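Colleague:
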Amino acid sequence: MPTLQMEIKKGVGVSPGVVIGTAVVLDAEDIVIPRRQAAPGTEAAEIARLGQAIDAAMAELSVLRERMSKVQAGQIAGIFDTHVSILKDKSVLKEITQEINTNHASAEYAVSVVMRRYAQMFLGMSDRYLSERVGDIYDIERRLLHNLVGQKREDLAHLTRDVIVIAHDMLPSQTAALDKHHVKGFATDVGGRTSHTAIVARAMGIPAVVGLGNITAEVSGGDTVVIDGNRGVVIVNPDEEQLAEHRELGRKQIRLEDELKGLAHLPGVTQDRHQVSLWANIEFPIDIDAALTRGAEGIGLYRTEFLYLAADHEPTEQDHYDSYQDAIQRLAGKPIVIRTLDLGADKYTQEKAATPERNPFLGDRSIRMCLHDIPMFKKQLRALMRASVLGDVRIMFPMISTLMELRQAKMILNDVMEELEDEDVPFRRDIPVGIMIEVPAAALMAADFAKEVNFFSIGTNDLVQYTLAVDRTNERVAGLFCPAHPSVLRLIRDVIRAAVRTNIGVSVCGEMAGDPLYTLLLLGLGLTNFSMNGPDIPEVKKIIRSTTLEHARAVARKVMSFDSERQVMHFLREETRKILPEVF
Ligand code: PEP
Ligand code: MG
2 MPTLQMEIKK GVGVSPGVVI GTAVVLDAED IVIPRRQAAP GTEAAEIARL GQAIDAAMAE
62 LSVLRERMSK VQAGQIAGIF DTHVSILKDK SVLKEITQEI NTNHASAEYA VSVVMRRYAQ
122 MFLGMSDRYL SERVGDIYDI ERRLLHNLVG QKREDLAHLT RDVIVIAHDM LPSQTAALDK
182 HHVKGFATDV GGRTSHTAIV ARAMGIPAVV GLGNITAEVS GGDTVVIDGN RGVVIVNPDE
242 EQLAEHRELG RKQIRLEDEL KGLAHLPGVT QDRHQVSLWA NIEFPIDIDA ALTRGAEGIG
302 LYRTEFLYLA ADHEPTEQDH YDSYQDAIQR LAGKPIVIRT LDLGADKYTQ EKAATPERNP
362 FLGDRSIRMC LHDIPMFKKQ LRALMRASVL GDVRIMFPMI STLMELRQAK MILNDVMEEL
422 EDEDVPFRRD IPVGIMIEVP AAALMAADFA KEVNFFSIGT NDLVQYTLAV DRTNERVAGL
482 FCPAHPSVLR LIRDVIRAAV RTNIGVSVCG EMAGDPLYTL LLLGLGLTNF SMNGPDIPEV
542 KKIIRSTTLE HARAVARKVM SFDSERQVMH FLREETRKIL PEVF
């Protein structure tokens, strides 16, 4: 098998942009291979390093074997025997040295290429026992790399060169910690479009493709990789033709972005003078500056749970307050909707939980978790109310599914207000209170909820997941995750209607709001407030400024007459292409 065989892989494009770069493959311990090629003439030295690493690995394995055989005779110690026999295998060694001699690979890169080749071979085997050996191969690779890379391991938050990160999965908090200047793109084996990892990538403007199956087995550190986040394609070791094509696509994308930048400070208004507010979603206060540069007129969703995800201790009331104060100051009077903790499911590592849940998306997440842990909830509410006098602050409860939940949450908020009053701490008593509509139960009862809140924000990511019974993070069902499904569209239409009739505010803050495919439809359904990732604002604004409300209404009428998501998407693509031909 030639080393640099081109591979084109299709996954789920979750963050747009086309980039070409050098891969770093993260294993469970985030080992980054520092270099792919060794200088000519250093082959013997590389082979000697390889020999030392193999010796060291064998020594480690014999210690481990010794230790295990004392506690657990037989089977477990036998695993280490398997590892030793792979390390001693002449054909494995021959393949690795061949990489070094013929392709001038560094010892690390040669190990990685050969081990991943074996992993691929095992993965393809139908015999379950053999296909499960792939874990052993990764284990050996990791052990050898540890010995070769030693202390030279790189920290992804402090890179010194541009890279493309290839990983099995990334936690949302890991993604948020990436060094934006050097991580040019990323690709993962698992994940779906509205997983929080994807959302964070989009907010950071890092092109990304997820749900690729086994990309970590197919890429070695140092390989050249193309990430096409628009089409959900990853090309490993592209040939000249692919390189040229994607360089051109990358240039086009930059031209489009430059053109859209000009729109940042123009109002979101249709040609028939209908005003639309375009707000941004953020995970951290620091994201506000970039959102404002892109033209955000407010923050429609502040995902405060990221304060928990990024910290190694439980945030204190003052930690909350400091973050809110920081956000409010950056906004200089513009509105901010602070959503209370939405921990759980993919935003709370199940590993941290005392008893991991079997179905975390249907479990103790979000407002449910807060109502089960009132001291934690109150801590946040106190900070939020103290910050309410610093600017235009609104409060929003996530994942409400029953009226009782809403009433309970409001009661706790009232308790907090009374406590603050007793302490003579100033706060805004008439702070607007809203809820996310992201569970079908709440959407169906929107008219009832509308009587008890000041605004709704439709969270389409969860609404789609719960309406269609499709896990938003599962790549195997990513094709079924579709906001264009008529059932979802009818729920959205009815929620907007209920809000308009009761004269309360309504916005959409799920990913659908930032997808230009749905702009005409949402506008036509009567939506006047869209909240999205900052980078999506210019495209959505371009559509709004290029159309009329009347036309959008006609589009919505037609869409609502369809009974399949395919028809909906086809029609919306045709209509949107007329306005944004560069994207569709
Ligand atoms: C949603 O569910 O649509 C939403 C905006 O909230 P989150 O993505 O944080 O779950
Ligand atoms: Mg949600």
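The sequence shown lines up with residues 2 to 585 when you count with our numbering.
Backbone N, C-alpha and C fix where the C-beta goes; we use that ideal spot for every residue, glycine too.
Model, not experiment: these values are computed from the prediction.
Which value, in whole angstroms, describes the spacing of the CA atoms of H571 and L518?
Modeller: Taking the first residue of the sequence shown as position 1, residue 571 is located at position 570. Taking the first residue of the sequence shown as position 1, residue 518 is located at position 517. Each residue's Cα considered, the two are about 10 Å apart.
Colleague: Answer yes or no: the CB of E439 versus the heavy atoms of ligand 3, is any distance below 7 Å?
Modeller: Absence of ligand 3 is noted for the structure shown, with ligand 1 and ligand 2 being the only ligands found.
Colleague: Taking 6 Å as the limit between beta carbons, can you name the residues of its chain near F563, skipping five residues before and five after?
Modeller: Locating residue 563 in the sequence shown gives position 562, where the first residue counts as 1. Answer for F563: V569, listed in chain order.
Colleague: Measure the C-alpha to C-alpha separation of R414 and V114 and round it to an integer number of angstroms.
Modeller: Counting from 1 along the sequence shown, the entry for residue 414 is found at position 413. Counting from 1 along the sequence shown, the entry for residue 114 is found at position 113. Here residue 414 is Leu; the residue named in the question, Arg, does not match the sequence. Rounded to the nearest angstrom, the two C-alpha atoms are 57 Å apart.
Colleague: Quick check: what's the CA-CA separation for S16 versus G206?
Modeller: In the sequence shown, the residue the question calls residue 16 occupies position 15. In the sequence shown, the residue the question calls residue 206 occupies position 205. Going by the C-alpha atoms only, they are around 7 Å apart.
Colleague: Could you spell out the range, first to last residue, of the alpha helix (DSSP H) harbouring G410?
Modeller: To locate residue 410, count along the sequence shown from 1; it is residue 409. Reading off the sequence shown, one finds Ala at residue 410, where the question assumed Gly. Residues L404 to D423.
Colleague: Is the stretch 162-171 touching the stretch 492-507 in the sense that three or more CB pairs, one from each, lie closer than 8 Å?
Modeller: no
Colleague: On the DSSP bridge list, what partners appear for V507?
Modeller: Position 506 of the sequence shown, counting from 1, holds the residue named residue 507. The partner list for V507 (beta bridge, DSSP) reads F457.
Colleague: What do you reckon, are the CB atoms on E540 and N238 nearer than 8 Å?
Modeller: To locate residue 540, count along the sequence shown from 1; it is residue 539. To locate residue 238, count along the sequence shown from 1; it is residue 237. Cβ distance not < 8 Å, so E540 and N238 don't count as in contact.
Colleague: Pairing CB atoms from the stretch 389-396 with CB atoms from the stretch 426-440, are three or more of them under 8 Å?
Modeller: yes
Colleague: Looking at C-alpha atoms only, which residue of A108, R546, Y322 and T577 is the closest neighbour of L264?
Modeller: Here residue 264 corresponds to residue number 263 of the sequence shown, with the count starting at 1. Measuring from the Cα of L264, the nearest candidate turns out to be R546.
Colleague: Beta carbon of G460: closer than 7 Å to some heavy atom of ligand 2?
Modeller: The residue given as residue 460 occupies position 459 in the sequence shown. For ligand 2, at least one heavy atom lies less than 7 Å from the Cβ of G460.
Colleague: Given a cut-off of 8 Å on the beta-carbon distance, is the pair I216 and V235 in contact?
Modeller: As a working note, residue 216 is residue 215 in the sequence shown. As a working note, residue 235 is residue 234 in the sequence shown. Yes, they are a contact pair.
Colleague: Return helix, strand or coil for E8, following the three-state DSSP convention.
Modeller: Locating residue 8 in the sequence shown gives position 7, counting from the first residue. Note: E8 maps to strand in three-state DSSP.
Colleague: Would you call the stretch 331-342 and the stretch 296-305 touching, i.e. three or more CB-CB distances under 8 Å?
Modeller: yes
Colleague: Where does F398 sit, in a helix, a strand or coil, going by DSSP?
Modeller: Taking the first residue of the sequence shown as 1, we reach residue 398 at position 397. Note: F398 maps to strand in three-state DSSP.
Colleague: Are the beta-carbon atoms of A106 and R37 separated by less than 8 Å?
Modeller: Here residue 106 refers to the residue found at position 105 of the sequence shown. Here residue 37 refers to the residue found at position 36 of the sequence shown. The beta carbons of A106 and R37 sit closer together than 8 Å.
Colleague: Under the criterion of a Cβ to heavy atom distance below 7 Å, does D343 qualify as lining ligand 2?
Modeller: Along the sequence shown, read from residue 1 onward, the residue named residue 343 stands at position 342. D343 Cβ: within cutoff of ligand 2.
Colleague: What do you reckon, is the C-beta of R304 under 7 Å from a heavy atom of ligand 1?
Modeller: The residue you call residue 304 lines up with position 303 of the sequence shown. Yes, ligand 1 has a heavy atom inside 7 Å of this Cβ.
Colleague: Provide the residue span of the alpha helix (DSSP H) that contains G136, from first to last.
Modeller: For the purposes of this step, residue 136 is identified with residue 135 of the sequence shown, where counting begins at 1. That run of the alpha helix (DSSP H) goes V135 to V150.
Colleague: What's the call for K153, buried or exposed, on a 16-neighbour Cβ count within 10 Å?
Modeller: Counted from its first residue, the sequence shown places residue 153 at position 152. Bear in mind that a pLDDT of 46 at K153, under 50, signals an unreliable position, so the model cannot answer this.
Colleague: Any heavy atom of ligand 2 closer than 7 Å to the beta-carbon of D516?
Modeller: By one-based count along the sequence shown, residue 516 stands at place 515. Because no heavy atom of ligand 2 lies under 7 Å away, the Cβ of D516 does not count as near it: no.
Colleague: For the stretch 541-561 and the stretch 267-283, state whether three or more C-beta atom pairs, one from each stretch, are separated by less than 8 Å.
Modeller: yes
Colleague: If we count Cβ pairs, one from each stretch, closer than 8 Å, do we get three or more for the stretch 473-484 versus the stretch 523-534?
Modeller: In the pairwise beta carbon analysis, the stretch 473-484 is classified as not touching the stretch 523-534: fewer than three pairs are separated by under 8 Å.
Colleague: Can you have a look at I436 and say buried or exposed, based on whether 16 or more other CB atoms are within 10 angstroms of its CB?
Modeller: Position 435 of the sequence shown, counted from the start, is the residue given in the question as residue 436. The residue is buried, with at least 16 neighbouring Cβ atoms inside 10 Å.
Colleague: From the DSSP output, in three-state form, read off A106 for me.
Modeller: Numbered from 1 along the sequence shown, position 105 holds the residue referred to as residue 106. Here A106 sits in strand by DSSP.
Colleague: In three-state terms, what does DSSP make of D190?
Modeller: Residue mapping note: residue 190 aligns to position 189 of the sequence shown, counting from 1. Residue state, collapsed to three classes: coil.
Colleague: What are the start and end residues of the beta strand (DSSP E) that includes D229?
Modeller: Here residue 229 corresponds to residue number 228 of the sequence shown, with the count starting at 1. Taken as a continuous stretch (DSSP letters only), the beta strand (DSSP E) holding D229 covers T225 to D229.
Colleague: Return yes when at least one heavy atom of ligand 2 lies under 7 Å from the C-beta of P1, else no.
Modeller: Because the chain here runs from 2 to 585, residue 1 falls outside it and cannot be looked at.
Colleague: Verify the contact flag: I200, CB atom, against every heavy atom of ligand 1, threshold strictly below 7 Å.
Modeller: As a working mapping, residue 200 is identified with position 199 in the sequence shown. True, at least one ligand heavy atom lies under 7 Å from that Cβ.
Colleague: Please determine if the stretch 79-87 and the stretch 50-66 are in contact, where contact requires at least 3 C-beta pairs separated by less than 8 Å.
Modeller: yes
Colleague: Using the DSSP secondary-structure output, state which residues sit across from A447 in a beta bridge.
Modeller: On the sequence shown, position 446 is the one that residue 447 refers to. Its beta-bridge partners do not exist; DSSP assigns none.
Colleague: When the Cα of L145 is compared with those of D180, L310 and R50, which residue comes out closest?
Modeller: Position 144 of the sequence shown, counted from the start, is the residue given in the question as residue 145. Distance check between L145 and each of D180, L310 and R50 places R50 closest, using alpha-carbon atoms only.
Colleague: Using the beta-carbon count (16 or more within 10 Å), is G345 buried or exposed?
Modeller: Start at 1 with the first residue of the sequence shown, and residue 345 comes out as number 344. So G345 ends up on the buried side.
Colleague: Verify the contact flag: D463, CB atom, against every heavy atom of ligand 2, threshold strictly below 7 Å.
Modeller: In the sequence shown, residue 463 corresponds to position 462, counting from 1. Yes, the beta carbon of D463 sits closer than 7 Å to at least one heavy atom of ligand 2.
Colleague: If we ignore side chains and look at the alpha-carbon of each, how far apart do P441 and S488 end up?
Modeller: Taking the first residue of the sequence shown as 1, we reach residue 441 at position 440. Taking the first residue of the sequence shown as 1, we reach residue 488 at position 487. Taking C-alpha positions only, P441 is separated from S488 by approximately 10 Å.
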